[in-house]
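Per the working numbering, the sequence shown runs over residues 94 to 410.
Structure, as structure tokens:
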Amino acid sequence: MAVAPMDTIAPVQQSPHGTATGSRRSKINAHLLRLPFYLLALTMIAPFYWLLITVFKPPRELARTPPSFVPESPTFANFYDPEWSPAFINPGHLQGIFQRYQVDLGFWRFMLNSIFITTAITVGSLLICSLAAYVIAKHDIKGRRTIFLLIIASMMVPWQTTLIPNYVIMRNLGWLDSYAAYIVPALAKAFVLFFLVQFLQSIPNELIQAARVDGAGEWRIWWRIVLPLLRPALAAMSIFIVLAEWNNFLWPLIIVQSDEMANIPVALARLNSYFGGPDHQGAIMAGGLLASVPTIVFFLIFQKYFTKGIALSGIKG
């Protein structure tokens, strides 16, 4: 039996309808696989949406039952109400967030406190941890592995156990209700040091040795070579430090005695305790919205450095 040549065999034609159906089915399956992530994202977005709509509701609408999910009469009075006066009590006009604090600069004082404290802790801890990581990763010192293991072991100790010892130290030093009590205990961060040590393991030792042969000192090597190479890892760690310190509440609550030294979380907690009830929730939510804006902007700016730092970290022993 003769066999037809290969070039005479007609290729199998695939139905365009079948291709479209398969593509549509694959898209549906992909969306079904992502459904848990969509639900998780919804649980995170819903509280922020509620905060956002509460900020722009007038007092009467805040006290309504059941609540509305869209502001019917949007207002900026929860930030500042020019018609409010302490001499005339009007339930329809309450103090905005910028009118509630009797301190210099009002609410902006707490924003500046949080910005200064967070910036100082972030920069200081990254410099100190990068210097310590350079010594542990690139110097052959006696007991280096033991020191590193002790630092890792300290990560398993609950940080709440350090509250009382740190408070006693701050009190004996006379640092209570000061910026030093905020900053100094927060500079040593074991996880940041561990992360930077693992990142430095991927840097060739020959690069450091070449700098030493050229006559560079250890400080100059750290500043000119190590820090630039650590830039992605430092950017990644800065996000974790900024978010943790910006939202820090328990330690500032213990050491802060005056309103002038409060950070954002403590100021909002005191505001909630001073002014209860649904009528005042708009001003409290306005403070929460203002407090969340810097962290969102910071994350959006450093997001690419965050992902790059995670990808290049090379976690290895």
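C-beta: ideal position from N, C-alpha, C; glycine also.
Taking residue i as the reference, give the member of the options with the closest Cα.
i, options, result
"Asp174", "Phe162, Gln195, Pro151 and Arg157", "Pro151"
"Asp197", "Glu165, Leu128, Ile332 and Ala355", "Ala355"
"Phe342", "Val359, Thr239 and Glu176", "Val359"
"Ser271", "Pro325, Ile389, Ile347 and Leu361", "Ile347"
"Leu187", "Phe395, Glu299, Leu269 and His373", "His373"
"Asp233", "Thr212, Gln302, Ala379 and Phe368", "Gln302"
"Glu353", "Tyr194, Ala180, Asn122 and Arg157", "Tyr194"
"Arg324", "Leu242, Gln294, Ser223 and Phe181", "Ser223"
"Ser295", "Leu322, Ala139 and Gly189", "Leu322"
"Gln396", "Glu154, Trp344, Ile314 and Leu327", "Leu327"
"Ala337", "Trp315, Ala279, Gly381 and Leu320", "Ala279"
"Ser351", "Gly375, Leu128, Phe203 and Phe169", "Phe203"
"Pro345", "Phe181, Met263, Arg127 and Thr136", "Met263"
"Leu219", "Leu132, Leu320 and Arg157", "Leu320"
"Ile221", "Thr239, Ala281 and Gly308", "Ala281"
"Val386", "Tyr367, Tyr398, Ile357 and Ser366", "Ile357"
"Trp315", "Pro251, Ala246, Ala225 and Val261", "Ala225"
"Val163", "Leu144, Phe181, Pro179 and Trp177", "Leu144"
For residue i, does the three-state DSSP call read helix, strand or coil?
i, result
"His124", "helix"
"Ser119", "helix"
"Phe181", "strand"
"Thr255", "helix"
"Thr168", "coil"
"Leu361", "helix"
"Tyr142", "helix"
"Gly407", "With a pLDDT of only 46 at Gly407, under the threshold of 50, the placement of this residue in the model should not be trusted, and no figure is reported."
"Phe130", "helix"
"Val390", "helix"
"Gln396", "helix"
"Ala418", "With the chain represented from 94 up to 410, any question about residue 418 goes unanswered, as that position is not in the structure."
"Val148", "helix"
"Phe368", "coil"
"Ala156", "coil"
"Met137", "helix"
"Phe162", "coil"
"Gly236", "coil"
"Met99", "Confidence is the limiting factor: at Met99 the pLDDT is only 48, short of 50, which leaves the residue's position unreliable and the question unanswerable from this model."
"Val105", "Bear in mind that a pLDDT of 48 at Val105, under 50, signals an unreliable position, so the number given afterwards is only what the model happens to contain. Three-state DSSP puts Val105 in coil, outside helix and strand."
Do residue j and residue i have their beta-carbon atoms positioned less than 7 Å apart in this structure?
i, j, result
"Thr215", "Val335", "yes"
"Pro167", "Phe141", "no"
"Ile318", "Ala329", "no"
"Ile377", "Leu364", "yes"
"Trp339", "Ser161", "no"
"Ala283", "Met249", "no"
"Ala384", "Phe172", "no"
"Ile276", "Ala213", "yes"
"Leu286", "Ile244", "yes"
"Gly375", "Leu155", "yes"
"Phe191", "Phe200", "yes"
Whole alpha helix (DSSP H) elements within the region 304-358, 4-residue minimum: With a minimum length of 4 residues, the continuous alpha helix (DSSP H) runs that stay inside the region 304-358 are 311-314, 324-339 and 343-348.
Please list the segments of the alpha helix (DSSP H) lying wholly inside the region 187-234, counting only runs of 4 or more residues, in order along the chain. 200-231
Output the residue ranges of the alpha helix (DSSP H) runs that lie fully inside the region 258-298 and measure 4 residues or longer, sorted by chain position. 272-276 and 283-293
Decide if the region 227-246 is in contact with the region 284-291; the criterion is three or more beta carbon pairs, one per stretch, under 8 Å apart. They touch, by the three-pair rule.
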